[in-house]
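Asks:
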Amino acid sequence: MIRQVAIVGVGWSPFRSITPSISYKEMMYEAAVQAYRDAGIDPRRDVDSFVTVAEDFCEGTSIFDEYVPDQLGALHRPMHTITGDGIHGLAASVMQILTGRFDVVVLEGHSKASNILTMPYITAFAMDPVFNRPLAANPVFIAGMEMQRYLAETGTPLDACGQVVVKNRGNALINPLVEFGAELTVDDVLLSEPVAEPLTRLQCADHADGAVVMVLAAEEVAKTLTDTPIWVRGIGWANDTFWMESRTWGQAGYAYLAGQMAYRTAGIKSPRSEIDFAEIDDVYAYKELQHLEALGLCRPGEAGMWTLEGGTDLDGEFPVNPSGGSLGGGHMLDCTGLARTLEVVLQLRGKAGQRQLEDVETGLAFCWRGVPTTGGAAVILSN
Amino acid sequence: MKEHVYDTVYLRGKDFEEGNVLFETWDPNARYAWDTGVGMSRFLQELKAGRLVGAQCSGCCRVMVPPRMFCEHCFLPTDAFVPLQDTGTIVTFSLCYVTWDMIRIKEPQIPIVVAIDGASPGMGIMHLLGEIEPDAVKIGMRVQAVWKPAEERTASITDIAYFKPLEQGGSQ
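Chains A and B, in that order, give the protein sequences. In this text, residue positions in the first sequence follow the working numbering: the first is 16, and each later residue adds one. In this text, residue positions in the second sequence follow the working numbering: the first is 2, and each later residue adds one.
#1: So which of A:390, A:373, A:398 and A:351 has the shortest CA-CA distance to residue 128 of chain A?
#2: Contact criterion: CB-CB distance below 8 Å. Does residue 333 of chain A meet it with respect to chain B?
#3: Name, please, each residue of chain A whose Cβ falls closer than 7 Å to the Cβ of residue 33 of chain B.
#4: How about the stretch 48 to 65 of chain B and the stretch 78 to 92 of chain B: do they share at least three Cβ pairs that are nearer than 8 Å?
#5: Taking only runs of the beta strand (DSSP E) that begin and end inside the stretch 71 to 117 of chain B, which ones reach a length of at least 3 residues, in chain order?
#6: Whole angstroms is fine: what's the gap from residue 386 of chain A's alpha carbon to residue 372 of chain A's?
#7: From the beta carbon of residue 337 of chain A, is the nearest beta carbon of chain B less than 8 Å away?
#8: Is the stretch 150 to 159 of chain A touching the stretch 124 to 142 of chain A, taking contact as three or more C-beta pairs under 8 Å?
#9: How about residue 240 of chain A and residue 253 of chain A: do their beta carbons lie closer than 8 Å?
#10: As a quick exercise: from A:357, A:391, A:62 and A:269, pick the residue whose alpha carbon is nearest that of residue 225 of chain A.
#11: Taking residue 82 of chain B as the reference, which of B:112, B:42 and B:129 has the closest Cα?
#12: Mind checking if residue 34 of chain A is an interface residue toward chain B, Cβ cutoff 8 Å exclusive?
#13: Is the CB-CB distance between residue 161 of chain B and residue 128 of chain B below 8 Å?
#14: Between the stretch 60 to 70 of chain A and the stretch 55 to 70 of chain B, do three or more beta carbon pairs fall short of 8 Å?
#15: Residue 266 of chain A to residue 30 of chain B, Cα distance in whole Å?
#16: For residue 87 of chain A and residue 44 of chain A, what's the separation of their Cα atoms in angstroms?
#17: Can you tell me the Cα-Cα spacing of residue 100 of chain A and residue 227 of chain A, whole angstroms?
#18: Could you pull the start and end residues of the alpha helix (DSSP H) that residue 289 of chain A belongs to?
#19: Is the number of C-beta pairs between the stretch 172 to 179 of chain A and the stretch 17 to 26 of chain B that are closer than 8 Å three or more?
#20: Helix, strand or coil: which one does DSSP assign to residue 27 of chain A?
#21: Measure the C-alpha to C-alpha separation of residue 388 of chain A and residue 257 of chain A and round it to an integer number of angstroms.
#22: Could you have a look at residue 173 of chain A and say whether DSSP puts it in helix, strand or coil?
#23: Any Cβ of chain B within less than 8 Å of the Cβ of residue 72 of chain A?
#24: Can you give the Cα-Cα distance for residue 236 of chain A and residue 52 of chain A, rounded to whole angstroms?
#25: What does a CB cutoff of less than 7 Å around residue 29 of chain A pick up in its chain, not counting 5 residues either side in sequence?
#26: If you draw a straight line from the alpha carbon of residue 46 of chain B to that of residue 298 of chain A, how long is it in whole angstroms?
#27: Considering only the alpha carbon of each residue, which of A:217, A:378, A:337 and A:308 lies closest to residue 166 of chain A?
#28: Which residue or residues does DSSP assign as beta-bridge partners of residue 166 of chain B?
#29: What is the DSSP secondary structure of residue 173 of chain B, reduced to helix, strand or coil?
#30: State buried or exposed for residue 57 of chain B, treating a residue as buried only when at least 16 other CB atoms are found within 10 Å of its CB.
#31: Hey, is residue 37 of chain A's beta-carbon within less than 8 Å of any beta-carbon in chain B?
#32: What are the partner residues of residue 48 of chain A, as DSSP defines its beta bridges?
#33: Please report the straight-line C-alpha distance between residue 186 of chain A and residue 343 of chain A, rounded to a whole angstrom.
#34: Would you list the one or two residues that DSSP bridges to residue 390 of chain A?
#35: Just to confirm, are residue 250 of chain A and residue 363 of chain A a CB contact at a threshold of 8 Å?
#36: Give me the Cα-Cα distance between residue 354 of chain A and residue 319 of chain A, rounded to the nearest whole angstrom.
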């Protein structure tokens, strides 16, 4: 990249299934205060621009960006909101710094999913109103159909999907930031209630509330703020077609394209050997496998066996979702990618506590925007 | 090259009646229950008790209403709730002759912003004005809250039924 960009501060409000004691503004404020303290900056003086990610339908307030500045210290300052995942927001923040006009940019994402009383209907708003919505089916069926096709094309055993859940919710047990940690068996997962076959209830991430704020800075400023800058080496994002009638159901084309773009910008030729670990969207268990393959971290059809053999465990050759992922930490709407990115930052700083990986230098975070989308974004970070 | 992608089509009433022009409809089911949190919850609880309350910033000392847990100017947490009066001064108003489902009405609704006595200058709440002829409303007019009976209050901004003009010599 023409200018190096680093993450120099992170803050969060813990990820919880419900957060009735604080408003979304107070949640964001909590995360922001922590991030600014971490970066050693005063937002009223030191920040050039603010970026947030939010979807109006998830907030229940339209033109939601109007409601953001106060709690970030962004009043009277340049700020804008993106209707995308947190990693799309990260891309926007990085690009602002690359223009040379901004040296310090703050990025925010949050979820108050617990405040949405009609979640499947809100999700259904994302479906085509003419061809798909009139069928009046819970949009989770889209994940069921995708999983069906993925398993059929790759021959991945169901057990592998179960193992993703066992692994991720196991990892979550030693992550104090999240609360869906559990000791499960593959049978527990596969024999839980069917949701949209072959998808069972325990293969679907529950929603969680929470907020993440990150402070990004250009190289010369980053070096004055911290001894442990986490460099944004590459970033990429892409969409597949929205047509459910003709999309590539078995393979995550968007993840392939986003990954290739991120690798290209980072100068990575062999992702498996040049990256040490990954936080990858696992809102449904099969998604972790499908995304691993699309991102070129293993060959098509291999992710299942790799997972069953323990290759992606916390102590495996390539740990995936050491934080517990969305299965262990909750699906946080458009904050999901920032939750993934946050873990990569903490690991690269050596501040991941009991789940700290040894000798990690480069990590990848990847987000998917959830059903019914075929959109995603990837970021590669190094310490 | 064509000027437009599609040829221009002039539609007549007949085209709609005969179903040449089609629509797909959708009734949203979007329901939410927002956590009001620390600052707003206290404000709503006080409304139920028939009182107004603000929050004070430890940095700029502004008394803010509605209260909030942080000052947007200083980016500091607020640390004290301050009791306010239920009287104030009209900052601005409008006479609104259409309802929000676009029905024309003869007697206008009168939305106002009231700078509340006890809060910092220019800080107030938005409400409706009653007990007044529309052409008598003025910026700077002194007004007072008309509270619903205690048993009808639900910890909502509508626990104040409306504001009315403050009689001459009323409390300041």
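Here a beta-carbon is modelled for each residue, glycine too, at the ideal position from N, C-alpha and C.
Replies: Short version:
#1: A:351
#2: Between residue 333 of chain A and chain B, the shortest Cβ-Cβ separation is not below 8 Å.
#3: 75, 130, 131 and 132
#4: yes
#5: 79 to 85, 88 to 94, 97 to 99, 105 to 110 and 112 to 117
#6: 31 Å
#7: With respect to chain B, the C-beta atom of residue 337 of chain A has no partner C-beta closer than 8 Å.
#8: yes
#9: No; because the gap between Cβ atoms is not below 8 Å, this pair is not in contact.
#10: A:357
#11: B:42
#12: yes
#13: yes
#14: no
#15: For residue 266 of chain A and residue 30 of chain B, the distance between alpha carbons rounds to 32 Å.
#16: 6 Å
#17: Spanning the two alpha carbons is a distance of roughly 12 Å.
#18: 286 to 289
#19: no
#20: strand
#21: 7 Å
#22: helix
#23: yes
#24: 16 Å
#25: 192 and 225
#26: 38 Å
#27: A:308
#28: B:144
#29: Since pLDDT at residue 173 of chain B reaches only 45, below the 50 mark, its modelled position is unreliable, and no value is offered.
#30: buried
#31: yes
#32: Beta-bridge pairing by DSSP links residue 48 of chain A to no other residue.
#33: 7 Å
#34: Note: residue 390 of chain A sits in a beta bridge opposite A:254.
#35: no
#36: 24 Å
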